[in-house]
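Q:
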């Protein structure tokens, strides 16, 4: 997120310059704190390990703070989640560099190890979560609803698990675009000259990465072959339709990026805000390139506030937390289980953009290969 972009930047990048939080006394010591029963919060893999939810909440309140990076309030309803967590548990949530990327989070974990301003928790694109787990940076932890998270959306020992996600979509300013596109094929039409934008570089941005994957699927590629997606954007650049301006709410309002390829929950969320500003913003999931992806939650293995970190995870995966995601137009990982249990907010679910079929996801190795292709070919594809 170099512009600064919203939370969508989730692939590779350089640690952005950010304000450094003051090292607090509890932050310096809490990684080794224990509950009254003598059980270490830092070693807990479930709430039961520290004596249950009440004991975990009590320990987190003693720590007093949860430190996070790259959680903008308008991304997947993080504002409501942060407010709800603080009100419910009395733990202050500090968010540094809200416009940062997944790589910024990981870089902070590695560069600030042992420091009180290291991030306690991580919200990562799935490929980054897998990479961080491989690097030994994440603490195994299983929330109460862990067994209800689909197997292909979590690490078997709980180092990461998907929380929320959505589909690649086209957001379109109806007043500036005569006929809004409904497919990737449409985007190549000359009428869209200089109008098609991503929210950043796909080597940094998860939604941009997803857009290239979706374009690949629409152009004869597959999870094993993302190159057709790169080639598609090269064509879009060559015919003048692609604009290098990174799409944000501000660039949309200014008319710089009238067609924005982004996650459906972000584009749909913009619709509400834009209505009050007289901007007619429509959202469509492309018919020829449906690509779904989820963002994962994880805990820093040496989190300065280990109890607060674990309590935050429990809150995010509670029915309250998952329904707040849904109210932000993000599809919660526990959506199916909650529907079966009768705890899903049906009114919020009905507002989601319509899609057909069951989403499938690229494997860890497929994503790694795709990242390599992007790193080697993207710059040349859209340069000039």
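Numbering (full-length UniProt numbering), first residue to last: 1 to 384.
Quick reminder that beta carbons are idealized off the backbone N, C-alpha and C, glycines included.
Measuring alpha carbon to alpha carbon, tell me which of 296, 267, 295, 301 ends up nearest residue 285.
A: In the chain shown, counting from the first residue as 1, residue 285 sits at position 285. Of the candidates 296, 267, 295, 301, the one whose C-alpha sits nearest the C-alpha of residue 285 is 267.
Q: Look at the alpha carbon of residue 120 and the alpha carbon of residue 199, and state the distance between them as a whole number of angstroms.
A: Locating residue 120 in the chain shown gives position 120, where the first residue counts as 1. Locating residue 199 in the chain shown gives position 199, where the first residue counts as 1. Spanning the two alpha carbons is a distance of roughly 27 Å.
Q: Report yes if the CB atom of residue 211 is closer than 8 Å to the CB atom of residue 201, and no otherwise.
A: Within the chain shown, the letter at position 211 stands for residue 211. Within the chain shown, the letter at position 201 stands for residue 201. Contact: no.
Q: Does DSSP classify residue 202 as helix, strand or coil?
A: Your numbering for residue 202 matches position 202 in the chain shown. Here residue 202 sits in coil by DSSP.
Q: With burial defined as no fewer than 16 other Cβ atoms inside 10 Å of the residue's Cβ, what is the status of residue 109: buried or exposed?
A: The residue you call residue 109 lines up with position 109 of the chain shown. By the neighbour-count rule (16 or more Cβ atoms within 10 Å), residue 109 is buried.
Q: For residue 46, I'd like the list of residues in its chain whose CB is within less than 6 Å of its CB, leaving aside the five on either flank, ordered along the chain.
A: For this step, residue 46 is matched to residue 46 along the chain shown. Cβ within range, chain order: 142.
Q: Nearest to residue 317 by CA position, among 334, 41, 308, 306, is which residue?
A: To locate residue 317, count along the chain shown from 1; it is residue 317. Minimum Cα distance to residue 317 is reached at 334.
Q: According to DSSP, what are the bridge partners of residue 123?
A: What you label residue 123 is simply residue 123 of the chain shown in a count that begins at 1. Partner(s): 297.
Q: Confirm, please, whether the CB-CB distance from residue 297 to residue 163 is below 8 Å.
A: Taking the first residue of the chain shown as 1, we reach residue 163 at position 163. Taking the first residue of the chain shown as 1, we reach residue 297 at position 297. Contact: yes.
Q: For the structure I just gave you, are there three or more beta carbon pairs, one from the stretch 298–311 and one from the stretch 112–119, closer than 8 Å?
A: Touching, yes.
Q: Taking the C-alpha atoms as reference points, what is the distance between residue 361 and residue 311?
A: The count along the chain shown starts at 1 and reaches residue 361 at position 361. The count along the chain shown starts at 1 and reaches residue 311 at position 311. Going by the C-alpha atoms only, they are around 28 Å apart.
Q: Below 8 Å CB to CB, which residues in the same chain sit around residue 182 once its five sequence neighbours on both sides are set aside?
A: Within the chain shown, the letter at position 182 stands for residue 182. Closer than 8 Å at the Cβ level, and outside the excluded window around residue 182, lie 170, 284, 286, 287.
Q: Taking C-beta to C-beta, are residue 257 and residue 197 nearer than 8 Å?
A: In the chain shown, residue 257 corresponds to position 257, counting from 1. In the chain shown, residue 197 corresponds to position 197, counting from 1. Yes, they are a contact pair.
Q: Could you tell me which uninterrupted beta strand (DSSP E) segments, each at least 3 residues in length, are contained entirely in the stretch 225–288, listed from first to last along the chain?
A: Segments of the beta strand (DSSP E) lying fully in the stretch 225–288: 259–263, 281–284.
Q: Looking only at its chain, what residues have a beta carbon closer than 7 Å to the beta carbon of residue 240, apart from the 5 residues adjacent to it on each side?
A: Residue mapping note: residue 240 aligns to position 240 of the chain shown, counting from 1. Cβ within range, chain order: 193, 194.
Q: Got a sec, what are the start and stop residues for the alpha helix (DSSP H) residue 102 sits in?
A: Taking the chain shown and counting its residues from 1, the one referred to as residue 102 is at position 102. Counting along the chain, the alpha helix (DSSP H) containing residue 102 begins and ends at 102–111.
Q: Any contact of the stretch 332–349 with the stretch 361–377, i.e. 3+ C-beta pairs under 8 Å?
A: Flag = no, the stretch 332–349 and the stretch 361–377 do not touch.
Q: Could you please give the first and the last residue of the uninterrupted beta strand (DSSP E) stretch that includes residue 162?
A: Counted from its first residue, the chain shown places residue 162 at position 162. Taken as a continuous stretch (DSSP letters only), the beta strand (DSSP E) holding residue 162 covers 161–173.
Q: Tell me which residues share the same chain as residue 78 and place their Cβ nearer than 6 Å to its Cβ, disregarding the 5 neighbours each side in the sequence.
A: Within the chain shown, the letter at position 78 stands for residue 78. Excluding residues within five positions, the ones whose Cβ falls inside 6 Å are 71.
Q: Checking 8 Å against the spacing of the C-beta atoms, do residue 306 and residue 42 come in under that value?
A: For the purposes of this step, residue 306 is taken as the residue at position 306 of the chain shown. For the purposes of this step, residue 42 is taken as the residue at position 42 of the chain shown. In contact: residue 306 and residue 42 (Cβ atoms closer than 8 Å).
Q: Which value, in whole angstroms, describes the spacing of the CA atoms of residue 135 and residue 189?
A: Along the chain shown, read from residue 1 onward, the residue named residue 135 stands at position 135. Along the chain shown, read from residue 1 onward, the residue named residue 189 stands at position 189. So the alpha carbons of these two residues sit roughly 44 Å apart.
Q: Looking only at C-alpha atoms, which of 383, 381, 371 sits nearest to residue 204?
A: Here residue 204 is taken as the residue at index 204 of the chain shown, counted from 1. Looking at the Cα atoms, 371 is the closest of the given residues.
Q: How about residue 237 and residue 381: do their beta carbons lie closer than 8 Å?
A: Numbered from 1 along the chain shown, position 237 holds the residue referred to as residue 237. Numbered from 1 along the chain shown, position 381 holds the residue referred to as residue 381. In contact: residue 237 and residue 381 (Cβ atoms closer than 8 Å).
Q: Distance check for residue 262 and residue 84, CA to CA, integer angstroms please.
A: Indexing the chain shown from 1 puts residue 84 at position 84. Indexing the chain shown from 1 puts residue 262 at position 262. The alpha-carbon atoms of residue 84 and residue 262 are separated by roughly 27 Å.
Q: Which term fits residue 376, buried or exposed, when burial requires 16 or more other beta carbons within 10 angstroms of its beta carbon?
A: Reading the chain shown from its first residue, position 376 is the one you call residue 376. When all chains shown are included, residue 376 counts as exposed.
Q: So, for residue 251: in the same chain, excluding its five sequence neighbours on each side, which residues have a beta-carbon less than 7 Å away from its beta-carbon?
A: Here residue 251 corresponds to residue number 251 of the chain shown, with the count starting at 1. 245, 257.
Q: Between residue 173 and residue 304, what straight-line distance do the alpha-carbon atoms span, to the nearest angstrom?
A: Within the chain shown, numbered from 1, the residue matching residue 173 stands at position 173. Within the chain shown, numbered from 1, the residue matching residue 304 stands at position 304. Cα to Cα, residue 173 sits roughly 44 Å from residue 304.
Q: Can you have a look at residue 383 and say buried or exposed, based on whether 16 or more other CB atoms are within 10 angstroms of its CB?
A: Position 383 of the chain shown, counting from 1, holds the residue named residue 383. Exposed.
Q: Within 10 angstroms of its Cβ, does residue 219 collect 16 or more other Cβ (buried), or is it exposed?
A: Working through the chain shown from its first residue, we reach residue 219 at position 219. Residue 219 is buried by the Cβ-count criterion.
Q: With DSSP as the reference, label residue 360 as helix, strand or coil.
A: Locating residue 360 in the chain shown gives position 360, where the first residue counts as 1. Three-state result, residue 360: coil.
Q: I'd like to check one pair, residue 74 with residue 166: are the Cβ atoms closer than 8 Å?
A: Taking the first residue of the chain shown as 1, we reach residue 166 at position 166. Taking the first residue of the chain shown as 1, we reach residue 74 at position 74. Not a contact, by the Cβ cut-off of 8 Å.
Q: Any idea what DSSP makes of residue 219, helix, strand or coil?
A: Numbered from 1 along the chain shown, position 219 holds the residue referred to as residue 219. Three-state result, residue 219: coil.
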